[in-house]
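Asker:
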Amino acid sequence: MHQIGVVVIGRNEGNRLKNCLLSVVGEGRTIVYVDSGSTDNSVELAKSFGVHVVKLDLSVPFTAARARNAGFAALLELEPSIEFVQFVDGDCRVVENWLKRAVDELIAYPDVVVVCGRRREEFPNHSIYNRFCNMEWDTPVGEAKACGGDAMMRVEAFKKVGGFNSTLIAGEEPELCVRLRQAGGKIIRIDAEMTLHDAQITRLSQWWKRSLRGGHAYAEGAWLHGSTPEKHWVKESRSIWLWGLLLPLLAIATAWFTWGFSILLLVIAYTLLIYRMYRYWRQRGYKSRDAISYSVFCALDKFPQLQGQIKFHVSRLLNKQRTIVEYKSANSNNLPDAVSAKDKKYIAIVGSGFVADYYLQTLPLHPQLELVGVMDRISDRSSKFAAFYNVPHIYDSLEEILKDPKVDIVLNLTNPSSHYAVSKACLEAGKHVYSEKPLAMEMSQAHELVNLAKQRGLYLSSAPCSLLSETAQTVWKALRENQIGRVRLVYAEMDDGLVHKMPYSKWLNESGTPWPYKDEFEVGCTLEHAGYYVTWLTAFFGPAEIVSAFSSCIIPDKETDVKLDINAPDFSVACIKFASGVVARLTCSIIAPHDHSLKIIGDEGVLGIDDAWFYGAQVYIRRSINIGYKRWEGIWKQSLPLAKKAPRLGYRGAHKMDFCRGVAEMASAIAQQRSPRLSAEFSLHNNELVLAIHNALETNCTYKMTTSFEPIEPMPWAKS
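Numbering-wise, our numbering puts 623 at position 621 of the sequence shown, and it's gapless, one number per residue.
Right under this line is the structure:
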């Protein structure tokens, strides 16, 4: 049995460190965690796993190289017979079976001293910068010049060259690999999953600092090993100076004499550089959108990298000690630690179709939720989805989910026609349910679900959850503060343009699932989209009492490849009277030009937004003024600050919404033993209201509402 040791390094990694340690403990392995001055509970967390902890001396500057060397030394003290050591960063999780695969490779090839695999970004769709990291780490398989921070190494070879250069603030792994190769060793990158990394880069400033650090590493690497035959990072450093300084400087200096032609040549040169990189990534199989965006940022990288190069050489000339460049904030790192184990709820997803991507992309925002597994009636789709998002388990059937004692909440993302049957089965099995809209296609079914949940003491909620958004909560706060006087009338628009004329056949979500146009057209835009404003209006103004609606299928022939079985309404308009006396007009269509605006008319002005699907949409007030003999709506918009800063969502499309927020609200309600804001009764009332509008195509009459609900509580951060 070959001895394996693991060295984990970290600083303020919070819950990510927990996940990292969980991925390596077991089988009697010796594990050392090296902490670089964390101010969170990282040290206590590591000790709770029974791993050996090394706390670095605060008086000496921190570097990853220093931490790894300290961990390696501690590892040898604990287990002198260790043959192989796996280095891993605390924000990574080691993939199952990687350690065995790496050791097998080292045993099979005695001249190989370092083995690395595919480091994959765990949440590539959380931000564009995370996607860039994921592409950067997709290195070619085969013999390599260097490895990254996660790698399995042969202990004797590591000792022979003296380990990492602890003075380096970045680029320590490639520098070590230079010395290992000079000593006759080989570094290989094998075709195997190695680690999952949580970059958490969401801001341009973070990307700039990370690139600056990279430029510093290139400069220092070239300074140490730039001579022949190695010429380590000389080419990269020259490229940085050429594209980041010399060419722009030359173009600007000669612009006057060339009538600006030199600037045009510079633009052409950068365009060719970007195109060359774009072709490379397209040949590697990446989507055109990712290839072009990454190529553009690689070109822009030259400028922060130039800053890093200058920083190194200035520090060298002044004999100044170099310090690490951090691009992760402690606050963002520690956010998940606010959730205790008892508050965490485990969810399973039924249905991995188009909308499922939007839930997975915002799941990282809610540490109280942990995904157990996914199930879809189309097995290939669930397999593809699980592989793309690294879902830990694929269920073979709904029955398997219902028998899993770990599952607390079932997320029902099936076709609307299946919502009732799936939700009912889950409730009968004792699972809480969060369903995509609508709650049910018939009110008798919706009533049955609500009654069943009440009888079993279970939680039942239905999307949408945009009522919980920063924009909706800010609008509601302004209403409670009476900022526009008494509200009289509301105009709500939910129009999406001529969808059937759009290239919807090309619409793919991130995991590659096409937009289900047949289902969408047959369900109808009212059931699909009216709920986004209906939930706002009922929460703001109380239960609806009377609905006068008209709906119609204006364009029966949607020119689809497959004939539609149902001609659902593609237009609806409703006048709704609420218990508070407020009247609202709601329009919904996939015909009229795109308009998701809301106007709430009061005695003292108009409160409005331009897009209900954007959680960070601007909220404004137009004050009414008297001019002459008339009263006019004000020209200027008074912007209201959001009650809370909206999260940055990295995925594309109009859906700038945190889809998982409703599930997270349910999980918090379960943990706190309170009623969820999106209660079963609230969902039932909104389901009735939307169905009344949708069914106006057949009923053609005024509808009196039969359901009601208790007042909804605003989010704590939005209370006056």
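From the three backbone atoms N, C-alpha and C, an ideal C-beta is built for every residue, glycine too.
(1) Of all the alpha helix (DSSP H) runs that stay within the bounds of the region 51-138, which reach a length of 4 or more residues?
(2) Going by beta-carbon coordinates alone, are Met668 and His434 separated by less than 8 Å?
(3) For Leu268 and Pro718, what's the separation of their Cα atoms in angstroms?
(4) Using the Cβ count rule (16 or more neighbours within 10 Å means buried), how would you classify Thr528?
(5) Assuming Arg121 and Ser25 form a contact by the criterion Cβ under 8 Å, report the distance between their Cβ atoms to the nearest whole angstrom.
(6) Check Lys579 in the structure and name its three-state DSSP category.
(7) Using alpha carbons as the reference points, say which of Val298, Leu429, Leu400 and Tyr422 lies closest to Glu438.
(8) So Ser433 is in the alpha helix (DSSP H); what residue range does that whole segment cover?
(9) According to DSSP, is Asn628 part of a helix, a strand, or is it coil?
(10) Could you check if Glu582 is buried or exposed, using at least 16 other CB atoms within 10 Å of its CB as the buried criterion?
(11) Exposed or buried, Val9, counting other C-beta atoms within 10 Å across all chains shown (16 or more means buried)?
(12) For Ile623, tell me which candidate among Leu642, Tyr631, Gly630 and Asp605 has the shortest Cα-Cα distance.
(13) Report yes if the C-beta distance between Ala48 and Leu19 is below 8 Å; otherwise report no.
(14) What are the start and end residues of the beta strand (DSSP E) that includes Val412?
(15) Just the Cα atoms here: how many angstroms apart are Ala153 and His395?
(16) Under 8 Å, with one C-beta from each stretch per pair, do the region 128-138 and the region 201-221 reach the 3-pair mark?
(17) When the Cα atoms are used, what is the spatial distance from Val105 to Gly186?
(18) With respect to the alpha helix (DSSP H) encompassing Phe523, which residues constitute its N-terminal and C-terminal limits?
(19) What's the C-alpha gap between Phe160 and Leu182?
(20) Between Asp410 and Ala648, what straight-line distance do the alpha-carbon atoms span, to the nearest angstrom?
(21) Please name the residue in Lys313, Lys520, Trp243 and Ile109 whose C-alpha comes closest to that of Lys565.
(22) Would you kindly report the start and end of the unbroken beta strand (DSSP E) that includes Thr141?
(23) Taking buried to mean at least 16 other C-beta atoms within 10 Å of its own C-beta, is Pro338 buried or exposed?
(24) Alpha carbon to alpha carbon, how far is Asp59 from Pro466? Give it in angstroms, no decimals.
(25) I want to know whether the region 352-369 touches the region 80-89 - three or more CB-CB distances under 8 Å.
(26) Which residue comes first and which comes last in the alpha helix (DSSP H) that contains Gly310?
(27) What is the residue span of the alpha helix (DSSP H) that Glu372 lies within?
(28) Return yes when the Cβ of Gly533 is within less than 8 Å of the Cβ of Val692, no when it is not.
(29) Kindly indicate which residue of Leu308, Asp497 and Ala194 has the alpha-carbon position closest to the one of His596.
(30) Starting from the C-beta of Pro707, find all residues in its chain whose C-beta is less than 8 Å away, skip the five residues before and the five after it, and write them out in chain order.
(31) Tell me, to the nearest whole angstrom, how far the beta carbon of Ile714 is from that of Phe684; I am working on the premise that it is less than 8 Å.
(32) For the 8 Å Cβ check, are there 3 or more pairs between the region 486-504 and the region 570-588?
(33) Please confirm whether Lys346 and Gln370 have their CB atoms less than 8 Å apart.
(34) On the three-state DSSP scale, how would you describe Val536?
(35) Within the chosen definition, does the region 136-146 reach the region 375-389 through at least 3 CB pairs nearer than 8 Å?
(36) For the alpha helix (DSSP H) holding Val327, just list the boundary residues, first then last.
Answerer: The structure says:
(1) 66-80, 100-110 and 130-138
(2) yes
(3) 53 Å
(4) buried
(5) At roughly 13 Å, the Cβ-Cβ gap does not stay under 8 Å, so Arg121 and Ser25 are not in contact.
(6) strand
(7) Tyr422
(8) In the sequence under discussion, the amino acid at residue 433 is Lys, which differs from the Ser named in the question. Here Lys433 belongs to no alpha helix (DSSP H), and DSSP marks it neither H nor E.
(9) strand
(10) The amino acid at residue 582 is misidentified as Glu; the sequence shows Ser. By the 10 Å Cβ count, Ser582 comes out exposed.
(11) buried
(12) Leu642
(13) Leu19 sits close to Ala48, with the two beta carbons spaced by under 8 Å.
(14) Per DSSP, Val412 belongs to the beta strand (DSSP E) from Ile411 to Asn414.
(15) If I take the Cα positions, the gap works out to 26 Å.
(16) yes
(17) 19 Å
(18) From DSSP, the alpha helix (DSSP H) with Phe523 extends over Tyr519 to Val525.
(19) 8 Å
(20) 28 Å
(21) Lys520
(22) That residue, Thr141, is in no beta strand (DSSP E); it is neither H nor E in DSSP.
(23) Since pLDDT at Pro338 reaches only 40, below the 50 mark, its modelled position is unreliable, and the value read off the structure follows with that caveat. When all chains shown are included, Pro338 counts as buried.
(24) 51 Å
(25) no
(26) Lys304 to Leu319
(27) Taken as a continuous stretch (DSSP letters only), Glu372 belongs to no alpha helix (DSSP H), being part of the beta strand (DSSP E) at Leu371 to Met377.
(28) yes
(29) Asp497
(30) Correcting the residue identity first, residue 707 is Met in this sequence and not Pro. Once the five neighbours on either side are set aside, the close Cβ partners of Met707 are Pro545, Ala546, Glu547, Ile548, Val549, His687, Glu690, Leu691 and Ala694.
(31) 6 Å
(32) yes
(33) yes
(34) helix
(35) no
(36) Note, Val327: premise wrong, no alpha helix (DSSP H); not H, not E.
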